[in-house]
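Undergrad: I have a structure here, written as structure tokens, and I will follow up with some questions on it.
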Amino acid sequence: MTSTINPQTALIYVMVTMAAVDASMSDKELRKIGNITAALPAFDEFSQEKLLPVAQECAAILQEEDGLATVLGLAKEALSPNMRETAYAMAADVAVADLKVGAEEQRLLEIIRNTLGVDRLVAVAIERGAQARHQTA
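Per the working numbering, residue 956 is the first one in the sequence shown, and the count goes up by one each step.
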């Protein structure tokens, strides 16, 4: 069985979902998504010109009934188990990009963790690492 989206698209879907959870995507969150897709090995074969169309596609799905479940289901289907932890890490980085993690973002991290099957202890370590990377002096 083949997935309907590729792994890079799935990773972007997870990040866009996190950025959109509080009904406003901050510039810092959008920059973080752009930086992640430009720098990490998971996106070596990804054309940056596709980022905006993929993000818009995700936003359109999220507007549909059961959009969140659809987006996360597509992501789970497209990602291997080890890449699901990578997706969670990217979501955590986007969540802390604007230096505040609200209740909506915490709840979405929990939903992503449960949907993707990321171990709770692994998730806590990932979240703590994201917080440490985004501290200011």
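Glycine included, C-beta positions come from ideal geometry on N, C-alpha and C.
Write down the C-beta distance between ALA1014 and VAL1049 rounded to the nearest angstrom, noting that I regard them as a contact closer than 8 Å.
TA: Locating residue 1014 in the sequence shown gives position 59, counting from the first residue. Locating residue 1049 in the sequence shown gives position 94, counting from the first residue. With a beta-carbon spacing of about 14 Å, ALA1014 and VAL1049 fall beyond the 8 Å limit used to define contacts.
Undergrad: Count Cβ pairs between the region 1003 to 1013 and the region 1081 to 1089 that sit closer than 8 Å; are there 3 or more?
TA: no
Undergrad: Grab me the residues of GLU1060's own chain with a C-beta within less than 8 Å of its C-beta, minus the 5 sequence neighbours each way, in chain order.
TA: Residue 1060 sits at position 105 when you count from the first residue of the sequence shown. Taken in chain order, the residues that qualify are MET973, VAL976, ASP977 and ALA1050.
Undergrad: Beta carbon of ALA993, beta carbon of GLN1003: below 8 Å?
TA: On the sequence shown, residue 993 is found 38 positions in, with the first residue counted as 1. On the sequence shown, residue 1003 is found 48 positions in, with the first residue counted as 1. Cβ atoms of ALA993 and GLN1003: closer than 8 Å.
Undergrad: Would you mind sorting ASP982 into buried or exposed? The rule is 16 or more other CB atoms within 10 Å of its CB.
TA: Along the sequence shown, one-based indexing puts residue 982 at 27. By the neighbour-count rule (16 or more Cβ atoms within 10 Å), ASP982 is not buried but exposed.
Undergrad: Nearest-angstrom Cα distance between THR957 and GLU1065?
TA: As a first step, residue 957 must be located in the sequence shown, where it is residue number 2. As a first step, residue 1065 must be located in the sequence shown, where it is residue number 110. Because the pLDDT at THR957 is just 47, under 50, the model does not fix this residue reliably, and the value given afterwards should be weighed accordingly. Straight-line Cα distance between these residues: approximately 27 Å.
Undergrad: Check each candidate in ASP1053, THR959 and ARG1068 and name the one with the smallest Cα separation from THR1041.
TA: Walking along the sequence shown from the start, residue 1041 turns up at place 86. Closest option to THR1041, Cα to Cα, is ARG1068.
Undergrad: Just tell me which of LEU1054, ASN1037 and LYS1055 has its CA closest to the CA of ILE962.
TA: In the sequence shown, counting from the first residue as 1, residue 962 sits at position 7. Here residue 962 turns out to be Pro, not Ile, going by the sequence shown. The option with the nearest alpha carbon to PRO962 is ASN1037.
Undergrad: Look at TYR968 and VAL1056 and say whether their C-beta atoms are less than 8 Å apart.
TA: To locate residue 968, count along the sequence shown from 1; it is residue 13. To locate residue 1056, count along the sequence shown from 1; it is residue 101. No, the pair does not count as a contact, with Cβ atoms beyond the cut-off.
Undergrad: Would you kindly report the start and end of the unbroken alpha helix (DSSP H) that includes PRO1036?
TA: As a working mapping, residue 1036 is identified with position 81 in the sequence shown. Element bounds for PRO1036: 1036 to 1051.
Undergrad: Kindly give me the distance between the Cβ atoms of HIS1081 and ALA1044, rounded to whole angstroms, as I take these residues to be in contact under 8 Å.
TA: Position 126 of the sequence shown, counting from 1, holds the residue named residue 1081. Position 89 of the sequence shown, counting from 1, holds the residue named residue 1044. Per the sequence shown, the amino acid found at residue 1081 is Ile instead of His. With a Cβ gap of about 5 Å, ILE1081 and ALA1044 count as contacting.
Undergrad: In this structure, how does DSSP classify VAL976 when only helix, strand and coil are distinguished?
TA: Position 21 of the sequence shown, counted from the start, is the residue given in the question as residue 976. In the structure shown, VAL976 sits in coil (DSSP, three-state: anything other than H, G, I, E or B).
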